[in-house]
Amino acid sequence: MSATELAAGHLTRDVVETTARPPRRMPLLRVWSWLWPKLAAVALVLAAWQAVVWSGWKPDYVLPGPGPVFRRVAQDLGNANFDLGIAITMRRALMGYAIAVAIGSVAGILIARIAVLRRAIGSAILGLQSMPSIVWFPLAILLFGLNETAIFFVVILGAAPSIAGGLLSGVDHVQPLLIRVGRVMGARGMSLYRYVILPAALPSFVGGLKQGWAFAWRSLMAGEIIGIVSHQVGLGQQIQFARDFADAEQLVAIIVVIFVIGVAIDSLFGMLDREIRRRWGLLGVEA
Amino acid sequence: MSNILQLSDKHSLSVERLTMAFPHNDRLLVALQGVTLEVERGELVCIVGASGSGKSTLLNILAGLDEPTAGRAHVHGRVALMFQEAALLPWLTAAGNVELALELRGVKRSERTEVARELLHRVHLDGFEKRLPHELSGGMKQRVALARALAQDADVLLMDEPFGALDAITRDRLHEELERIWTESGLTILFVTHNAREAVRLGDRVLVFTSRPGRVGHEVKVDLPRPRSLDSPELAVIAGRITDRLKQEMVD
Numbered sequence: 031m032s033a034t035e036l037a038a039g040h041l042t043r044d045v046v047e048t049t050a051r052p053p054r055r056m057p058l059l060r061v062w063s064w065l066w067p068k069l070a071a072v073a074l075v076l077a078a079w080q081a082v083v084w085s086g087w088k089p090d091y092v093l094p095g096p097g098p099v100f101r102r103v104a105q106d107l108g109n110a111n112f113d114l115g116i117a118i119t120m121r122r123a124l125m126g127y128a129i130a131v132a133i134g135s136v137a138g139i140l141i142a143r144i145a146v147l148r149r150a151i152g153s154a155i156l157g158l159q160s161m162p163s164i165v166w167f168p169l170a171i172l173l174f175g176l177n178e179t180a181i182f183f184v185v186i187l188g189a190a191p192s193i194a195g196g197l198l199s200g201v202d203h204v205q206p207l208l209i210r211v212g213r214v215m216g217a218r219g220m221s222l223y224r225y226v227i228l229p230a231a232l233p234s235f236v237g238g239l240k241q242g243w244a245f246a247w248r249s250l251m252a253g254e255i256i257g258i259v260s261h262q263v264g265l266g267q268q269i270q271f272a273r274d275f276a277d278a279e280q281l282v283a284i285i286v287v288i289f290v291i292g293v294a295i296d297s298l299f300g301m302l303d304r305e306i307r308r309r310w311g312l313l314g315v316e317a
Numbered sequence: 003m004s005n006i007l008q009l010s011d012k013h014s015l016s017v018e019r020l021t022m023a024f025p026h027n028d029r030l031l032v033a034l035q036g037v038t039l040e041v042e043r044g045e046l047v048c049i050v051g052a053s054g055s056g057k058s059t060l061l062n063i064l065a066g067l068d069e070p071t072a073g074r075a076h077v078h079g080r081v082a083l084m085f086q087e088a089a090l091l092p093w094l095t096a097a098g099n100v101e102l103a104l105e106l107r108g109v110k111r112s113e114r115t116e117v118a119r120e121l122l123h124r125v126h127l128d129g130f131e132k133r134l135p136h137e138l139s140g141g142m143k144q145r146v147a148l149a150r151a152l153a154q155d156a157d158v159l160l161m162d163e164p165f166g167a168l169d170a171i172t173r174d175r176l177h178e179e180l181e182r183i184w185t186e187s188g189l190t191i192l193f194v195t196h197n198a199r200e201a202v203r204l205g206d207r208v209l210v211f212t213s214r215p216g217r218v219g220h221e222v223k224v225d226l227p228r229p230r231s232l233d234s235p236e237l238a239v240i241a242g243r244i245t246d247r248l249k250q251e252m253v254d
């Protein structure tokens, strides 16, 4: 280290660091800056929708405007049968998803750990992810009949590969240096997985969970729309009913409800994802 | 390590005719060839060599991360290894990183918090226990890595250019702290660097590595009193001679 190096003024950050954290911005301001672009987008979409309706392109019994649709949503939500429909759909979604998470996680770990298994089906996992879930339904109906088992079969086939794939790519992309550090500290085999590899793979795993949810939700809607379980009427089936009765207001109202549920759950995953990435130091400077 | 070498009591680390070759584009790349060296218990030995001289490979073998192609390496007791990057687990706090090393060593849960706090105190990180790695500066990260290495309660500490990426002042302070910890603990340290001054600043002895394949080409005993200053003329003279050696090796 030469004198010129010192004179160049490499000021060590150790000197200026303190134990105090930088102050957070005002919470209200943060919420507002998060909210307003979304509100603006919603307003634009509603305005465009209303404009199309006013243009008279289609009669309003085919394409109703936002006003009647939202009145219908409010009315539906006050209806016990409709709420039961939401509950049935959500129960199916959560159960199917939970099973998919369990199967996907176990499969992901096994494939990551067992080289032969990976060579055998590692790429098949990717292939499965690109299968449109609706192609499974005819087979599912033949195998299980017109019941919830058929729906779960397709939901799991839709979601589990994404979850396994997320875990697998997380495990694959753990920094080799971290694994060496773990081994130097005496972690081997399972303890290396528990303390180093799995935590390091968590951000990617959460990405897989999120994608898996999207696939599960789509598969479920497809299954409900083709009317697999007719005695327990979920949201998808109510859409089909609305079409059968040419009740466009109801149809669009249900689409709105499905969309809102999807966005709500997606933003839960988004929050989880951000929290993990923040903690893992992957976000860069806090915005 | 399978090759157990009979060590005399005073030696903490011993390497004999160690050779390491990697397959590389249909050829064998010989990283180390016939390296022989011994380090006494409590000694601080520096290895200095150009990049590509197999210094890191040697440390990886000593740490048990790689198996040598031929020859023997033996370390008496437990080994800890520090890298050029701090390589902290990013999801654990400073204290959490140290506590994990304690946990893997089998320290009881009830004692870990206290021991980790004490270790972070030794590297002057009081008050930073709850910080995550990305909230720490480069120098602080290396301090945590040092605390974590100490948490392994190793007899031998291997250091692979640990301060290479730090600025001059931070490096200077870490030299002082490493020297203090070494004096207090009686650790055996093998410190790898490409910086001749750093090697002379820290080492009881400096081993000069030749490049491709790596071998111990030359040994310098440093008899300067401690603590040494990086800028002292005596140190500069010795470091200058080592640098000349390194340059000759590179020309050959």
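Order-wise, the sequence lines are chains S and D.
Note that our numbering has the first sequence beginning at 31, numbered continuously upward.
Note that our numbering has the second sequence beginning at 3, numbered continuously upward.
Built from N, CA and C at the ideal position, the CB exists for glycine as well.
Keep in mind that this is a model prediction, so the values were computed, not measured.
Spatially closest choice to residue i from the options, by CA coordinates
| i | options | result |
| --- | --- | --- |
| residue 250(S) | 120(S), 295(S), 84(S), 137(S) | 120(S) |
| residue 232(S) | 139(S), 63(S), 81(S) | 139(S) |
| residue 204(S) | 178(S), 186(S), 159(S), 235(S) | 235(S) |
| residue 170(S) | 156(S), 202(S), 258(S) | 258(S) |
| residue 96(S) | 75(S), 265(S), 108(S) | 75(S) |
| residue 200(D) | 213(D), 165(D), 179(D) | 165(D) |
| residue 192(S) | 71(S), 243(S), 221(S), 294(S) | 243(S) |
| residue 227(S) | 142(S), 61(S), 128(S) | 142(S) |
| residue 39(D) | 23(D), 57(D), 52(D) | 57(D) |
| residue 15(S) | 80(S), 122(S), 88(S) | No information on residue 15(S) is available, as it lies outside the stretch 31 to 317 that chain S covers here. |
| residue 62(D) | 33(D), 176(D), 42(D), 224(D) | 33(D) |
| residue 71(D) | 31(D), 183(D), 102(D) | 31(D) |
| residue 277(S) | 93(S), 115(S), 174(S) | 93(S) |
| residue 237(S) | 305(S), 220(S), 270(S) | 305(S) |
Test: residue i CB closer than 7 Å to a CB of chain S
| i | result |
| --- | --- |
| residue 236(D) | no |
| residue 149(D) | no |
| residue 67(D) | yes |
| residue 92(D) | yes |
| residue 103(D) | yes |
| residue 136(D) | yes |
| residue 1(D) | Nothing can be reported for residue 1(D), as the shown portion of chain D is limited to 3 through 254. |
| residue 89(D) | yes |
Residue i versus residue j: straight-line alpha-carbon distance, rounded
| i | j | result |
| --- | --- | --- |
| residue 164(S) | residue 183(S) | 11 Å |
| residue 140(D) | residue 247(D) | 31 Å |
| residue 99(D) | residue 113(S) | 49 Å |
| residue 161(S) | residue 149(D) | 50 Å |
| residue 78(S) | residue 199(S) | 41 Å |
| residue 151(S) | residue 197(S) | 15 Å |
| residue 226(D) | residue 230(S) | 45 Å |
| residue 292(S) | residue 59(S) | 26 Å |
| residue 102(S) | residue 90(S) | 14 Å |
| residue 211(S) | residue 154(S) | 32 Å |
| residue 54(D) | residue 213(D) | 6 Å |
| residue 86(S) | residue 104(S) | 25 Å |
| residue 154(D) | residue 156(S) | 41 Å |
| residue 283(S) | residue 167(S) | 26 Å |
| residue 188(S) | residue 295(S) | 17 Å |
| residue 172(D) | residue 179(D) | 11 Å |
| residue 5(D) | residue 65(D) | Only weak support exists for where residue 5(D) lies, its pLDDT of 43 falling under 50; the coordinates are left without a value. |
Cross-strand partners of residue i (DSSP beta bridge)
| i | result |
| --- | --- |
| residue 160(D) | 83(D), 192(D) |
| residue 88(S) | DSSP lists no partner for residue 88(S). |
| residue 216(D) | 34(D) |
| residue 49(D) | 194(D), 209(D) |
| residue 16(D) | 40(D), 76(D) |
| residue 21(D) | 72(D) |
| residue 113(D) | Per DSSP, none; premise fails for residue 113(D). |
| residue 221(D) | 209(D) |
| residue 29(D) | 26(D) |
Environment of residue i [buried if 16+ CB atoms lie within 10 Å]
| i | result |
| --- | --- |
| residue 186(D) | exposed |
| residue 143(D) | buried |
| residue 128(D) | exposed |
| residue 301(S) | exposed |
| residue 245(S) | buried |
| residue 106(S) | buried |
| residue 28(D) | exposed |
| residue 59(D) | buried |
| residue 240(S) | buried |
Residue-level contact to chain D via CB, residue i, 7 Å cutoff
| i | result |
| --- | --- |
| residue 197(S) | no |
| residue 233(S) | no |
| residue 201(S) | no |
| residue 161(S) | no |
| residue 270(S) | no |
| residue 237(S) | no |
Contacts that residue i makes with chain A (C-beta to C-beta distance below 9 Å)
| i | result |
| --- | --- |
| residue 107(D) | Among the protein chains in the structure shown, which are S and D, there is no chain A. |
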